[in-house]
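Here's the structure, in structure tokens; my notes come after.
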Amino acid sequence: MLKQFNRSQVIGIPPEDLNKHTWYNSRKQHPYYGSTGVNTGVMVMNLTRLRAIDFPSIIVNLYKEWHSKIKWGEQDVINIWLHYHPEKLYFISCEWNYRNAHCRHGNVCKRAAKNGISILHGNGQQFIIPEKSPEFVAINNAFLKYLSSENPKTDIAEAVKRNLENVKRVTDCVKALRSLFRNLTLS
3 MLKQFNRSQV IGIPPEDLNK HTWYNSRKQH PYYGSTGVNT GVMVMNLTRL
53 RAIDFPSIIV NLYKEWHSKI KWGEQDVINI WLHYHPEKLY FISCEWNYRN
103 AHCRHGNVCK RAAKNGISIL HGNGQQFIIP EKSPEFVAIN NAFLKYLSSE
153 NPKTDIAEAV KRNLENVKRV TDCVKALRSL FRNLTLS
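In terms of the numbering used here, the numbers along the sequence shown are unbroken and rise by one, the last being 189.
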């Protein structure tokens, strides 16, 4: 992915949300990237380029200026920076940071529907609190149970599908993830 960066891009980040009405454009009290902001749960960084622009100092100075207005830590600070320097961003598509927000009202991440999920992001404790997202817990449990098995790829793939089928409360996310993982094979 780094090879896809142009000369000015130093960091790759996916969108915060794919819906028009997001946390950023409805509640934030500071600048943010684009119309929806970016979600720093997954980032691809060209560390050589970031060192060259003294990125740590930039971030610390922005934090000092905006700390009373931010809620999401480094994500807010990076959004502020990218608001002023959008040319530094390589935009990563949603399948590289698939979150509950991408399926809670139907599958809004069309790239995941086409290409599959590359990284599943269990933000906000989605992987550990069944009441929040039983489907994310089901997937996490499959990985935890079979990661050290003799055939982890096959065992995990089958357990993910089985665990998703066993989720009792069928939400839009459960439906989307069942569909997305139906043909899962790990190679």
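Every residue gets a Cβ at the ideal spot worked out from N, C-alpha and C, and that includes glycine. Keep in mind it's a predicted model, so treat the numbers as computed, not measured.
Selection from the options that minimises the alpha carbon distance to residue i
i: residue 161; options: 143, 121, 123 and 31; result: 143
i: residue 175; options: 115, 109 and 57; result: 109
i: residue 115; options: 127, 182 and 138; result: 182
i: residue 3; options: 60, 47 and 187; result: 47
i: residue 94; options: 6, 185 and 129; result: 6
i: residue 38; options: 29, 172 and 51; result: 29
i: residue 173; options: 154, 153 and 104; result: 104
Spatial distance of residue i from residue j (CA atoms)
i: residue 35; j: residue 14; result: 13 Å
i: residue 118; j: residue 111; result: 10 Å
i: residue 11; j: residue 133; result: 39 Å
i: residue 168; j: residue 179; result: 12 Å
i: residue 171; j: residue 31; result: 36 Å
i: residue 62; j: residue 163; result: 43 Å
i: residue 145; j: residue 90; result: 35 Å
i: residue 148; j: residue 159; result: 9 Å
i: residue 59; j: residue 66; result: 11 Å
i: residue 177; j: residue 113; result: 17 Å
i: residue 186; j: residue 56; result: 42 Å
i: residue 184; j: residue 153; result: 19 Å
i: residue 50; j: residue 8; result: 14 Å
Beta-carbon gap between residue i and residue j smaller than 7 Å
i: residue 157; j: residue 151; result: yes
i: residue 121; j: residue 99; result: yes
i: residue 42; j: residue 97; result: no
i: residue 125; j: residue 101; result: yes
i: residue 85; j: residue 33; result: yes
i: residue 79; j: residue 64; result: yes
Buried versus exposed, by CB contacts within 10 Å (16 or more), residue i
i: residue 140; result: buried
i: residue 54; result: exposed
i: residue 17; result: buried
i: residue 19; result: buried
i: residue 130; result: exposed
i: residue 127; result: exposed
i: residue 165; result: buried
Distance cut-off 6 Å: residue i Cβ against heavy atoms of the ligand NAP
i: residue 4; result: Only the bare structure without any ligand can be found here, which leaves the ligand NAP out of the picture.
Handout entry: Touch test, the segment 65-72 against the segment 131-138, Cβ-Cβ under 8 Å, three pairs minimum
Key = no
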